[in-house]
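Trainee: First the structure, which I've put down as structure tokens, then a few questions once you've had a look.
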Amino acid sequence: MERQFKIALIQYQSVIGDLQKNADRAVEMIREAASKGAKMVCFPEMFNTGYNFQLIGEGFHNCGESIDGYTITQLQKTARECSCYVIAPITLEKKVKGVFYNAAVVIDDDGKILGDYSKHHLWAAERYYFHAGEEIPVFDTKYGKIGVMICYDAGFPEVARILALKGAELIFMPSAWRIQDWDMWNLNIPQRALENTLYVAGVNRFGREDDLYMFGNSKVADWRGRIIAESKEEKEEIVYADIDLEQLTKARLDIHYLKDRRPDSYKVLSEYTEY
Numbered sequence: 012m013e014r015q016f017k018i019a020l021i022q023y024q025s026v027i028g029d030l031q032k033n034a035d036r037a038v039e040m041i042r043e044a045a046s047k048g049a050k051m052v053c054f055p056e057m058f059n060t061g062y063n064f065q066l067i068g069e070g071f072h073n074c075g076e077s078i079d080g081y082t083i084t085q086l087q088k089t090a091r092e093c094s095c096y097v098i099a100p101i102t103l104e105k106k107v108k109g110v111f112y113n114a115a116v117v118i119d120d121d122g123k124i125l126g127d128y129s130k131h132h133l134w135a136a137e138r139y140y141f142h143a144g145e146e147i148p149v150f151d152t153k154y155g156k157i158g159v160m161i162c163y164d165a166g167f168p169e170v171a172r173i174l175a176l177k178g179a180e181l182i183f184m185p186s187a188w189r190i191q192d193w194d195m196w197n198l199n200i201p202q203r204a205l206e207n208t209l210y211v212a213g214v215n216r217f218g219r220e221d222d223l224y225m226f227g228n229s230k231v232a233d234w235r236g237r238i239i240a241e242s243k244e245e246k247e248e249i250v251y252a253d254i255d256l257e258q259l260t261k262a263r264l265d266i267h268y269l270k271d272r273r274p275d276s277y278k279v280l281s282e283y284t285e286y
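In our numbering, the protein residues as written are 12 to 286.
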């Protein structure tokens with residue numbers, strides 16, 4: 012198994028409510044990333060619609076797409092064409108018509124859908140638009156095991172820890188992170204990487220949607236919380252990082268956060284449901 016590969020984080024600026032334009036632009040950016048050697052490409056949260064619900068307005072319910080909708084279909088074709096995995100965070104309509112999830116679809120390098128992850132921790136007004144996720148899957152790839160958590164999920168250690176315990180070696184974190192919480196962005200990514208001895212790749216949206224400003228600063232932290240790749244400019248761009256899962260495997264022999272856990276004394280975590 013090849014364990015060294017390049018990933019690309021697409022620091023994307025969406026066009027509010029224009030599914031076709033956003034998908035077509037995404038295809039171009041996947042091709043660009045693949046031409047530079049990227050084997051996995053990740054877009055930010057809700058890249059296909061934009062994030063500001065007030066701006067999307069009544070058209071929001073026309074923005075939800077099924078797994079076989081235009082966006083995912085186009086990205087499947089491009090993933091196959093470019094031999095590249097794609098993590099595509101969209102407003103996803105699953106089994107029930109009109110019921111939407113803030114989700115990320117994982118597509119392999121043959122264009123096949125491996126599955127999806129739905130955001131567990133809904134932030135602010137999201138709970139009026141989305142159902143929260145229930146499963147926390149890990150996806151097997153030809154390079155290793157990957158997981159996904161979305162934006163606000165990073166503020167809760169449980170999602171990343173569950174992914175790590177299920178074998179994830181790299182977590183993609185698509186986000187629409189606002190400028191007011193820039194300090195939390197810079198803490199959450201290395202924190203989750205360090206405490207779970209894995210890579211965390213945070214890809215943030217860029218752009219202004221009315222009074223919502225998302226600043227980019229997409230970055231990748233390694234298993235010691237070191238930032239190994241980072242966007243320094245506030246603009247639409249592609250951030251590349253070299254991932255070495257062989258080195259991660261060796262690091263886990265020396266860093267024992269997962270091995271030295273005390274789950275026998277953690278029952279209180281499930282007993283306290285109120286704060």
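Even glycine gets a Cβ: it sits at the ideal position worked out from N, Cα and C.
1. Asp35 lies in the alpha helix (DSSP H); which residues open and close that run?
2. Taking all protein chains shown into account, decide if Lys278 is buried (16 or more other Cβ within 10 angstroms of its Cβ) or exposed.
3. Does DSSP put Pro148 in a helix, in a strand, or in coil?
4. Which full runs of the beta strand (DSSP E) of 3+ residues lie inside the stretch 203 to 228, going along the chain?
5. Relative to the C-alpha of Ser25, which candidate in His267, Thr260, Lys246 and Leu280 has its C-alpha closest?
6. From Val159 to Gly213, what distance separates their C-alpha atoms?
7. Helix, strand or coil, according to DSSP, for Ile67 in the structure here?
8. Taking 8 Å as the cut-off, does the stretch 12 to 20 touch the stretch 243 to 259 (at least 3 CB pairs, one atom from each stretch)?
9. Three Cβ pairs or more, each shorter than 8 Å: is that satisfied between the stretch 228 to 238 and the stretch 131 to 139?
10. Determine the direct distance from the alpha carbon of Cys93 to that of Gly48, and round the result to whole angstroms.
11. So for Trp243, helix, strand or coil by DSSP?
12. In whole angstroms, what is the alpha-carbon distance linking Gln87 and Phe58?
13. The alpha helix (DSSP H) spanning Val107 covers which residue range?
14. Can you tell me whether DSSP reads Lys177 as helix, strand or coil?
15. Which class does Met160 belong to by DSSP, given the choice of helix, strand or coil?
16. List the whole-angstrom C-beta distance separating Val117 from Gly126, where the pair is believed to meet the contact cut-off of C-beta under 8 Å.
Mentor: Taking the definition as stated:
1. Counting along the chain, the unbroken alpha helix (DSSP H) around Asp35 starts and ends at Leu30 to Ser46.
2. Counting every other CB atom within 10 Å of its CB across the protein chains shown gives Lys278 a total below 16, marking it as exposed.
3. The answer is coil: DSSP assigns Pro148 none of H, G, I, E or B.
4. Counting whole runs of 3 or more residues, the stretch 203 to 228 contains the beta strand (DSSP E) stretches 210 to 215, 217 to 220 and 223 to 226.
5. Per the Cα distances, Lys246.
6. Near 10 Å, if we compare the C-alpha coordinates of Gly213 and Val159.
7. Looking at Ile67 - three-state DSSP - the assignment turns out to be helix.
8. Contact between the stretch 243 to 259 and the stretch 12 to 20 is present: 3 or more CB-CB pairs across the two stretches fall below 8 Å.
9. Using a C-beta cut-off of 8 Å, the stretch 228 to 238 makes no contact with the stretch 131 to 139, since fewer than three inter-stretch Cβ pairs fall below that distance.
10. Roughly 10 Å separates the two Cα atoms.
11. Just to set this straight, residue 243 is Lys in the shown sequence, not Trp. The answer is coil: DSSP assigns Lys243 none of H, G, I, E or B.
12. For Gln87 and Phe58, the gap between their C-alpha atoms comes out near 16 Å.
13. Val107: not part of any alpha helix (DSSP H); DSSP gives it neither H nor E.
14. If DSSP states are grouped into helix, strand and coil, Lys177 belongs with coil.
15. The answer is coil: DSSP assigns Met160 none of H, G, I, E or B.
16. That pair is a contact at about 6 Å.
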